[in-house]
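Engineer: Per the numbering used here, the sequence shown runs over residues 3 to 392. Quick reminder that beta carbons are idealized off the backbone N, C-alpha and C, glycines included. Here you go, one structure.
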Amino acid sequence: MTDILVVLSLVGIAVGRFPAVRMNRSTIALVGATLIVLTGCISLEQAYAAVDLNTIVLLFAMMVFNANLRMAGFFQLVGHTLRRSARSPAVLLALLIAFSSVLSALFINDTLVMMLTPIVLDVALATGINPVPYLIGLAVSANVGSMATIIGNPQNILIGASSGLSFGDFSLALAPPALIILLLAYLLILLVFPREFRNIRFPLVAPGKVFIYKPLLLKSLASFLFMAAALIAGLPVSLAGLSGAALLLITRRIKPERVFADVDWSLLVLFPSLFVITRAAQDSWLFGHFYAWAVEAMSNSIPVLALLSASMSQLISNVPTVMLLRPLVPGMPDPRLGWLALSSATTLAGNLTLLGSVANLIVAELAARRKVQLGFSQYLKVGFPLTVLG
Numbered sequence: 003m004t005d006i007l008v009v010l011s012l013v014g015i016a017v018g019r020f021p022a023v024r025m026n027r028s029t030i031a032l033v034g035a036t037l038i039v040l041t042g043c044i045s046l047e048q049a050y051a052a053v054d055l056n057t058i059v060l061l062f063a064m065m066v067f068n069a070n071l072r073m074a075g076f077f078q079l080v081g082h083t084l085r086r087s088a089r090s091p092a093v094l095l096a097l098l099i100a101f102s103s104v105l106s107a108l109f110i111n112d113t114l115v116m117m118l119t120p121i122v123l124d125v126a127l128a129t130g131i132n133p134v135p136y137l138i139g140l141a142v143s144a145n146v147g148s149m150a151t152i153i154g155n156p157q158n159i160l161i162g163a164s165s166g167l168s169f170g171d172f173s174l175a176l177a178p179p180a181l182i183i184l185l186l187a188y189l190l191i192l193l194v195f196p197r198e199f200r201n202i203r204f205p206l207v208a209p210g211k212v213f214i215y216k217p218l219l220l221k222s223l224a225s226f227l228f229m230a231a232a233l234i235a236g237l238p239v240s241l242a243g244l245s246g247a248a249l250l251l252i253t254r255r256i257k258p259e260r261v262f263a264d265v266d267w268s269l270l271v272l273f274p275s276l277f278v279i280t281r282a283a284q285d286s287w288l289f290g291h292f293y294a295w296a297v298e299a300m301s302n303s304i305p306v307l308a309l310l311s312a313s314m315s316q317l318i319s320n321v322p323t324v325m326l327l328r329p330l331v332p333g334m335p336d337p338r339l340g341w342l343a344l345s346s347a348t349t350l351a352g353n354l355t356l357l358g359s360v361a362n363l364i365v366a367e368l369a370a371r372r373k374v375q376l377g378f379s380q381y382l383k384v385g386f387p388l389t390v391l392g
């Protein structure tokens, strides 16, 4: 029974839906976790113990930061700057990749692409350019940029809470390769779409008015700097994030309900449910054999871990992959390298196909609502070579 429930749950999470019922990844995970406990696959106490509260707390804290920055007009300001500064297609792509990657390293990448995709489409409409290369640039740079820090994406947040790696140690190891891969992404897009980047200039886009709530913007940035200082000083990642978020929730003007309405509660349901599912997987026959094989295969090989992580990420997505492989990393000869390989492989694997990451799907879905089709094959022309080279 355990094997059946675990496999059905992971397949449902990977596909994102079940036929004939209106369920998303979060509800599938929640129902699967509940059935696992109800049928006695694991006890309720084991389920509670499996949930890593450090990860949940840090996710919540970063969502509070994102909500306040959105209300302050920060992301509108980024779009305004992008529209004013870009005078040619190649410059626009370079600026977009730079903005997207830096912001994805500091904030959760899935939330970021929700903010930037409409801006890219608006600029494309105003200048008459093909938006597809820029949408691909946004998606891949959000994925790659998020690799550079512990707080850049959900799987890194999970690894940061589990590994004991400091913010600085993590970034010093993964930020340099992220920069190189971003440059490769820029060059690949220019190579794959040469007609879209001829040496032409387009007129400066006249941006509309941008509403900036300066007190909240300054407070948000100050709270973020406080969190960064706490991380550098060695405070636990979850406590540093929660401290910064708590400062933002001390306010006279912004109602807490507005902030909490912007929190992605669906993601906060998904994570605890996944913890329970992967805990049950450890006791199942199928995954028990898999773990035995993986321990032997990975015992002295970081490349095997990276290849296994990337392959599994394409099948069941990156967060479940990290949760399944997480128990094996501490037993490796060099756990630090193991954690870094797990992070980089699962993140870069998201660039392989359009279905490889949630950020990719968000970009494609928001574009489709504006009648812009980001095709699977179009994305693959950039994503496949970028993943292989990365």
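From which residue to which residue does the alpha helix (DSSP H) around N132 run?
Structural biologist: Per DSSP, N132 lies in no alpha helix (DSSP H) and is assigned neither H nor E.
Engineer: Have a look at R200 and L391 and give me their C-alpha separation to the nearest angstrom.
Structural biologist: R200 and L391: Cα-Cα distance of roughly 25 Å.
Engineer: Using only alpha-carbon positions, find the residue among Y188, N320, G166 that is nearest to K383.
Structural biologist: When the alpha-carbon of K383 is set against those of Y188, N320, G166, the nearest one is in Y188.
Engineer: Among A224, G170, P274, F213, which has the Cα closest to the Cα of L233?
Structural biologist: G170
Engineer: May I ask you to report which of helix, strand or coil DSSP gives I256?
Structural biologist: Secondary structure at I256: coil, using DSSP grouped into helix, strand and coil.
Engineer: From the DSSP output, in three-state form, read off V13 for me.
Structural biologist: The answer is helix: DSSP assigns V13 an H, G or I state.
Engineer: Measuring straight from C-alpha to C-alpha, what distance separates N320 and R27?
Structural biologist: Approximately 13 Å between the Cα atoms of the pair.
Engineer: So for Y215, helix, strand or coil by DSSP?
Structural biologist: coil
Engineer: Inspect the beta-carbon positions of A49 and V271 and report whether they are closer than 9 Å.
Structural biologist: no
Engineer: Let me know the alpha helix (DSSP H) ranges lying completely inside the segment 329-363, each 4 residues or longer, listed in chain order.
Structural biologist: 337-350
Engineer: Within this structure, are the beta carbons of P424 and V93 separated by less than 9 Å?
Structural biologist: With the chain running from 3 to 392 in the structure shown, residue 424 is simply not present.
Engineer: Suppose contacts are defined by Cβ-Cβ distances below 9 Å. Is S311 in contact with T280 by that definition?
Structural biologist: no
Engineer: Are the segment 247-262 and the segment 220-227 touching, with three or more C-beta to C-beta distances below 8 Å?
Structural biologist: yes
Engineer: With a Cβ-Cβ cutoff of 9 Å, do I121 and G81 count as a contact?
Structural biologist: yes
Engineer: Start and end of the alpha helix (DSSP H) containing V80?
Structural biologist: 76-87
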